[in-house]
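Please read the structure below before turning to the comments.
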Amino acid sequence: MQRRILKCIQSQGQSEFYQPMYLFFSLTKIPTNYLTHLLGHESAGSLLSELKRRQLATALVTESFRPGSGFASILLYIELTDQGLEKVDEIITLIFQYINMLKAEGYQQWVLEEERDSRALIFRFKSKEELFEYVCKLSSRMFRYAPEDILTSGYLISEFRQDLVEEIISYITPENFRYYVISKKVADSCDCIEKYYRTPYGCESIPPEKIEAWKNCGLNEALHLPPRNPYMPTDFSLKCKLNPDQEDSALGPRVIQETPGSLLWFKQDSNFKLPKSFICFNLIRYKLSPFKCLREREKRK
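The opening residue of the sequence shown carries number 38 in this note's numbering; numbering runs sequentially from there.
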């Protein structure tokens, strides 16, 4: 139970919620995905949505970290507003209220089913990676995965384990976490200097009364599970009618809609044949162009 304070170079504040756990599980089951998916959700009723409503944060990222066998961590990175930097305790209260909601709702298998389908979709249609980096990534996995799982690790979920998910959630308690506050504005609380990088920092024990308050923070009606995703694709048949050998497949983009203020161009893919779309918006406004600015400047002379 620690509170650590670091002075950073960036002016924007950040809070990190760090939850260590000691457990063993197969990497093809990935039970930590259940928590990271829900804690990092951005829909109505999510933790981030409530933080934004209260103007305490602008972004939230979650991840699981497993540096070795038998040890794993759940991490939350929260980009704070100035108001959020002054209300870190309130933010931690919201985190534990969200955890309490997950415990009260119980295990929801559809969450992992959506995660499984989403990851399988990414793996099935993933783009080619840079060769050297890809080889390095695969070689590092050889120490942690079975040979048949090296290529699919991090993507394919082969088994759902309710017991592992519930065990992981049970570890997340006010008595078993630490958090970091990183900002220029906490420099006065930094009474130590890091040995190698000379970074000012401070380390404090969390007062027992705060631990007790977080243990009894209860539920928050604003926090609830996200709705199921009705847009999870199941049909990947392509609508492309062009033949790469035909002359019309080599034609460039064509205008499919024109208005007084916009042009919409479209080019049907006939080479890669993947269920992916690339959308590019090019906004052009004469009054904001460098040419317009120069002309206005000349007029004022």
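Glycine included, each C-beta is placed from N, C-alpha and C at the ideal position. Just so it is clear, the structure is predicted and the values come from calculations on it, not from any experiment.
Which word fits residue i, buried or exposed, when buried means at least 16 other C-beta atoms lie within 10 angstroms of its C-beta?
{"i": "serine 133", "result": "In the sequence on display, residue 133 carries phenylalanine and not serine. Label assigned to phenylalanine 133: buried."}
{"i": "serine 83", "result": "buried"}
{"i": "isoleucine 206", "result": "buried"}
{"i": "tyrosine 216", "result": "buried"}
{"i": "tryptophan 251", "result": "buried"}
{"i": "tyrosine 71", "result": "buried"}
{"i": "isoleucine 321", "result": "exposed"}
{"i": "valine 292", "result": "exposed"}
{"i": "valine 218", "result": "buried"}
Helix, strand or coil for residue i, going by three-state DSSP, please let me know.
{"i": "serine 226", "result": "helix"}
{"i": "isoleucine 205", "result": "helix"}
{"i": "arginine 334", "result": "helix"}
{"i": "lysine 329", "result": "helix"}
{"i": "threonine 236", "result": "coil"}
{"i": "threonine 210", "result": "coil"}
{"i": "aspartate 186", "result": "helix"}
Less than 7 angstroms separating the Cβ of residue i from some heavy atom of the ligand SAM?
{"i": "leucine 175", "result": "Judged by which ligands are present, the structure shown has none, so any question about the ligand SAM falls away."}
Using DSSP bridges, identify the partner residues of residue i.
{"i": "threonine 99", "result": "Leu113"}
{"i": "leucine 300", "result": "Glu295"}
{"i": "alanine 94", "result": "Leu117"}
Report the option in the options whose CA atom is closest to the CA atom of residue i.
{"i": "arginine 91", "options": "Pro327, Asn137, Leu260, Pro267", "result": "Leu260"}
{"i": "leucine 188", "options": "Ser207, Arg161, Ile316", "result": "Arg161"}
{"i": "leucine 122", "options": "Leu158, Val223, Tyr71", "result": "Val223"}
{"i": "threonine 99", "options": "Leu85, Phe108, Lys89, Ser164", "result": "Leu85"}
{"i": "tyrosine 135", "options": "Leu76, Glu246, Lys313, Asn308", "result": "Leu76"}
{"i": "valine 202", "options": "Gln145, Ile129, Arg178, Ile321", "result": "Gln145"}
{"i": "glycine 191", "options": "His78, Arg178, Tyr234, Ile316", "result": "Arg178"}
{"i": "lysine 221", "options": "Asp119, Ala96, Ala94", "result": "Asp119"}
{"i": "serine 80", "options": "Ile293, Leu97, Ile316", "result": "Leu97"}
{"i": "serine 274", "options": "Asn213, Gly289, Lys124, Lys310", "result": "Lys310"}
With a threshold of 8 angstroms on Cβ separation, who are the neighbours of residue i within its own chain once the five nearest residues in sequence on each side are excluded?
{"i": "arginine 265", "result": "Trp147, Glu151"}
{"i": "glutamate 170", "result": "none"}
{"i": "cysteine 229", "result": "Pro237, Tyr238, Gly239, Cys240"}
{"i": "leucine 175", "result": "Ile187, Leu188"}
Beta-carbon within less than 6 angstroms of residue i's beta-carbon, same chain only, minus the 5 sequence neighbours each way: which residues are those?
{"i": "leucine 60", "result": "Low confidence applies to leucine 60: its pLDDT is 41, below 50, so where it sits in the model is not reliable enough to give any reading."}
{"i": "asparagine 137", "result": "Leu256"}
In chain order, what residues of the same chain have a beta carbon less than 7 angstroms from the beta carbon of residue i, not counting five sequence neighbours either side?
{"i": "lysine 140", "result": "Ile206"}
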